[in-house]
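Quick note, the sequences are listed as chains A and B, same order. Numbered according to this note's numbering, the first sequence terminates at residue 130, and the numbering increases by one at each position without gaps. Numbered according to this note's numbering, the second sequence terminates at residue 110, and the numbering increases by one at each position without gaps. The beta carbon of each residue, even a glycine, is placed where N, CA and C say it ideally should be. All values reported here derive from a predicted model rather than from experimental measurement.
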Amino acid sequence: MEEAYDRGVIEDFGRWREFSAGMWAWVFHKFTGWVLVGYLFVHIPVLSTALVGAETYTATIQGLESLPIVRVLEVGLLAVAVFHIMNGTRLLFIDLGIGLERQKVSFYASLLITAIIAVASVPTFISGVF
Amino acid sequence: MWFLQRVTAVFLIGVLAFHFFQLHFVEHAADIEFAGTQARMQQPFYFATMVLFLVAATFHGVNGVYNALINQGLDGRARTVVKWVLVLASLGLIVQGIRVAMAMAGVHIG
């Protein structure tokens, strides 16, 4: 992406009133992307306890999973991942020239599917910790 | 780079969904023990998929960060420095991830 399209700086927070659906899709995709890559750089160090030994690995994962805050954050992570997947699929189709005229509807559908999957996953994530 | 970002995207859509489903809904994350992880990672196809997952996710994520920073106006010398910091961070993460994957599978070299 040598010559980026000038969308301005999203950190100019006052601009949010001007945002259209496509701009929100871009902002959410960027935000969820930062969260996912940040998580990846935490995930590998946590799993690195496997290098210390089997007991350390098991104790670390089960210890983290015993914390209610971790379970809540996992629901958040799932929501972030599902949105990034849904909106990413939308972007791939748009890149192929499919559905450009329906890009607003497909963004709203991405949000709706994300919300449904996140809410439906809550019982699985919180079971046994509260 | 533009094309690679799309190719890794297609791969990651499937594998990330599988990864989340497998380790939170099929297996419950709270019940994970090293023995179970080892049994999964000793299957060659699963091992290869996870290593490819690591490489694709690292490339896609770090290239996404780099593109986002360029979009924010990163330029000139700072851009070159940031690029190489990101390349080194990516290589470090991939090397560490492969070491972890090998330890999980019980493979030792040397």
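Task: Cβ-Cβ distance between LEU36 of chain A and GLY76 of chain B below 9 Å - done: Taking the first residue of the first sequence as 1, we reach residue 36 of chain A at position 36. Taking the first residue of the second sequence as 1, we reach residue 76 of chain B at position 76. No; because the gap between Cβ atoms is not below 9 Å, this pair is not in contact.
Open item on the list: Quick check on GLU18 of chain A - is its C-beta less than 9 Å from some C-beta in chain B?
Closed with: For the purposes of this step, residue 18 of chain A is taken as the residue at position 18 of the first sequence. So no, GLU18 of chain A is outside the interface.
Open item on the list: Any contact between the segment 9-16 of chain B and the segment 47-60 of chain B? By contact I mean 3 or more CB pairs, one from each, below 8 Å.
Closed with: yes
Open item on the list: With a threshold of 9 Å between beta carbons, is PHE20 of chain B in contact with chain A?
Closed with: For this step, residue 20 of chain B is matched to residue 20 along the second sequence. It does: the Cβ of PHE20 of chain B has a partner Cβ on chain A nearer than 9 Å.
Open item on the list: DSSP three-state label for ILE116 of chain A, please.
Closed with: Against the first sequence, residue 116 of chain A aligns to sequence position 116. Note: ILE116 of chain A maps to helix in three-state DSSP.
Open item on the list: Just to confirm my understanding: we take ALA57 of chain B, look at its own chain, exclude 5 residues before and 5 after, and list those with CB closer than 7 Å. What are they?
Closed with: In the second sequence, residue 57 of chain B corresponds to position 57, counting from 1. The answer, listed in chain order, is LEU12.
TODO: Please classify GLU101 of chain A: does DSSP put it in a helix, a strand, or coil?
DONE: Reading the first sequence from its first residue, position 101 is the one you call residue 101 of chain A. DSSP places GLU101 of chain A in helix when its eight states are reduced to three.
Open item on the list: Between which residues of its own chain and MET1 of chain A is the CB-CB distance below 6 Å, once the five residues before and five after are set aside?
Closed with: If you number the first sequence from 1, residue 1 of chain A lands on position 1. No answer about MET1 of chain A holds up, because its pLDDT of 46 lies below 50 and its placement is not dependable.
Task: Any C-beta of chain B under 9 Å from that of PHE93 of chain A - done: Position 93 of the first sequence, counted from the first residue, corresponds to residue 93 of chain A. No, no contact with chain B.
- [ ] Quick one: list the residues of chain B neighbouring PHE130 of chain A, beta-carbon separation under 7 Å, in chain order.
- [x] Working through the first sequence from its first residue, we reach residue 130 of chain A at position 130. Within 7 Å Cβ-Cβ: nothing; PHE130 of chain A doesn't reach chain B, min ~12 Å.
Open item on the list: Can you tell me whether LEU47 of chain A is buried or exposed? The criterion is at least 16 other CB atoms within 10 Å of its CB, across all chains shown.
Closed with: Residue numbering aside, residue 47 of chain A sits at position 47 when the first sequence is read from its first letter. LEU47 of chain A comes out buried.
Task: ALA50 of chain A vs LEU78 of chain A beta-carbon contact at 9 Å - done: One-based indexing of the first sequence puts residue 50 of chain A at position 50. One-based indexing of the first sequence puts residue 78 of chain A at position 78. Result no, Cβ atoms of ALA50 of chain A and LEU78 of chain A do not sit closer than 9 Å.
Task: Short-range partners of chain B found in the segment 40-63 of chain A, where Cβ spacing is below 7 Å - done: LEU40, PHE41, ILE44, LEU47, SER48, ALA50, LEU51, ALA54, TYR57, THR58, ILE61, GLN62
TODO: Put GLY128 of chain A into one of helix, strand or coil per three-state DSSP.
DONE: The residue given as residue 128 of chain A occupies position 128 in the first sequence. In the structure shown, GLY128 of chain A sits in coil (DSSP, three-state: anything other than H, G, I, E or B).
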